[in-house]
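Visitor:
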Amino acid sequence: MITFYDFLCPPPQVTKSGNTWKTRLTLNYKGLPYKTENIEYAEIADLYKKHGIPPAIVFPNGHAHYTLPVIKDDSSGKDVFVVDSLEIAKYLDKTYPNTPRLIPDVEDAEAQIKAFENQMNGTFVSVMPVMFKASLSSITERSQEFFKAARVRDMNFIFPHKPVSSWDDIQFTPEEVQAAWASLEKPLDALSNRFGGKETFHWALGDQITSADLILAGLLLCVKAVNGEDSPQWQSIMTWSNGKWKTFLDKLEPYQSQEN
Numbered sequence: 001m002i003t004f005y006d007f008l009c010p011p012p013q014v015t016k017s018g019n020t021w022k023t024r025l026t027l028n029y030k031g032l033p034y035k036t037e038n039i040e041y042a043e044i045a046d047l048y049k050k051h052g053i054p055p056a057i058v059f060p061n062g063h064a065h066y067t068l069p070v071i072k073d074d075s076s077g078k079d080v081f082v083v084d085s086l087e088i089a090k091y092l093d094k095t096y097p098n099t100p101r102l103i104p105d106v107e108d109a110e111a112q113i114k115a116f117e118n119q120m121n122g123t124f125v126s127v128m129p130v131m132f133k134a135s136l137s138s139i140t141e142r143s144q145e146f147f148k149a150a151r152v153r154d155m156n157f158i159f160p161h162k163p164v165s166s167w168d169d170i171q172f173t174p175e176e177v178q179a180a181w182a183s184l185e186k187p188l189d190a191l192s193n194r195f196g197g198k199e200t201f202h203w204a205l206g207d208q209i210t211s212a213d214l215i216l217a218g219l220l221l222c223v224k225a226v227n228g229e230d231s232p233q234w235q236s237i238m239t240w241s242n243g244k245w246k247t248f249l250d251k252l253e254p255y256q257s258q259e260n
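UniProt numbering numbers the first residue of the sequence shown as 1 and each following residue consecutively.
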């Protein structure tokens, strides 16, 4: 059985992490049985240390970064832990070859997917600070101080030219929030060409779903969860590119279940 570690949120338990969404979509698309174990932000480092999992990232200052997603697979008779959504997809492709592949077995497929992931991270970076701030309400009270400190580190890593010293330094006016969300429209409109343009549809790498598609879907579902399905921000995004991103998520709706 596979155990999927996701972030614990106050009720209702709705995943607000783009990274864990990527892995949940991966598991659901492959049709693999799994169970979810939701853990506090403050307990992620303990999970890594308990099982001898190397840190996901070590920053230049030596600070170890522990994050999700993580899966544990005991199908071989021993516990195998895998970190990072793309590494998890690679592991599942190899370990369960009778399930739909997410990294095509063709030259440069993995490199293309990694390049696409970097592109998407760059596309959504403009809204990350706003999302950090809006996500606090989805964190349990026990983990809020931990979450704040982690996001301050993230801000200083992502935006070294705009250092912040505390959570309270991360402040935005309503106009700045609106401008941040609006800044997504142009790059997503350009991205629609990769998915068949405004009149037709295909997946990021062609006719089949790959990890590239789930990378984008995870980010969009994170935006949806943070803002709310009925929010003006989300409703606006669903109209962009002639409704391309609504169509995109509708096609992936069968894999969005959080019932495991």
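Cβ atoms here follow ideal geometry from the backbone N, Cα and C, with glycine treated the same way.
Using the DSSP secondary-structure output, state which residues sit across from H65 in a beta bridge.
Guide: Along the sequence shown, one-based indexing puts residue 65 at 65. BP columns for H65 point to I57.
Visitor: Can you give the Cα-Cα distance for A109 and I103, rounded to whole angstroms?
Guide: The count along the sequence shown starts at 1 and reaches residue 109 at position 109. The count along the sequence shown starts at 1 and reaches residue 103 at position 103. The alpha-carbon atoms of A109 and I103 are separated by roughly 6 Å.
Visitor: Tell me, please, which residues DSSP counts as bridged to E253.
Guide: Here residue 253 corresponds to residue number 253 of the sequence shown, with the count starting at 1. Paired residues: none, contrary to the question.
Visitor: Pick helix, strand or coil for T3, following the three-state DSSP scheme.
Guide: Counting from one through the sequence shown, the residue named residue 3 turns up at place 3. Correct three-state label for T3: strand.
Visitor: Ends of the beta strand (DSSP E) at Y34?
Guide: Within the sequence shown, residue 34 is the residue found at index 34, counting from 1. Unbroken beta strand (DSSP E) run through Y34: 34-39.
Visitor: Taking only runs that begin and end inside the region 212-256, name each unbroken alpha helix (DSSP H) of 4 or more residues, in chain order.
Guide: For the region 212-256, whole alpha helix (DSSP H) runs of length 4 or above, ordered along the chain, are 232-237, 240-251.
Visitor: Across the region 61-68 and the region 31-46, are there enough close Cβ pairs to call them in contact, namely three or more that are closer than 8 Å?
Guide: In short, these stretches touch, since the Cβ pair count reaches three.
Visitor: Identify whether F81 lies in helix, strand or coil by the three-state DSSP scheme.
Guide: Stepping through the sequence shown from its first residue, residue 81 is reached at position 81. DSSP places F81 in strand when its eight states are reduced to three.
Visitor: CB-CB under 8 Å to V177, same chain, minus the five flanking residues each way: which ones, in chain order?
Guide: Taking the first residue of the sequence shown as position 1, residue 177 is located at position 177. The answer, listed in chain order, is V130.
Visitor: Answer with buried or exposed for A111, where buried requires no fewer than 16 other C-beta atoms within 10 angstroms of its C-beta.
Guide: Translated into the one-based positions of the sequence shown, residue 111 becomes position 111. Looking at its Cβ environment, which holds fewer than 16 other Cβ atoms inside 10 Å, A111 is exposed.
Visitor: Between the Cα of F195 and those of Q258, A217, D168, spot the shortest distance and give me the residue it belongs to.
Guide: By one-based count along the sequence shown, residue 195 stands at place 195. Nearest C-alpha to F195: A217.
Visitor: So W240 and L188 are in contact, right, with Cβ under 8 Å, and what is the actual spacing, rounded?
Guide: Along the sequence shown, one-based indexing puts residue 240 at 240. Along the sequence shown, one-based indexing puts residue 188 at 188. Going by Cβ atoms, the distance from W240 to L188 rounds to 6 Å, so yes, they are a contact pair.
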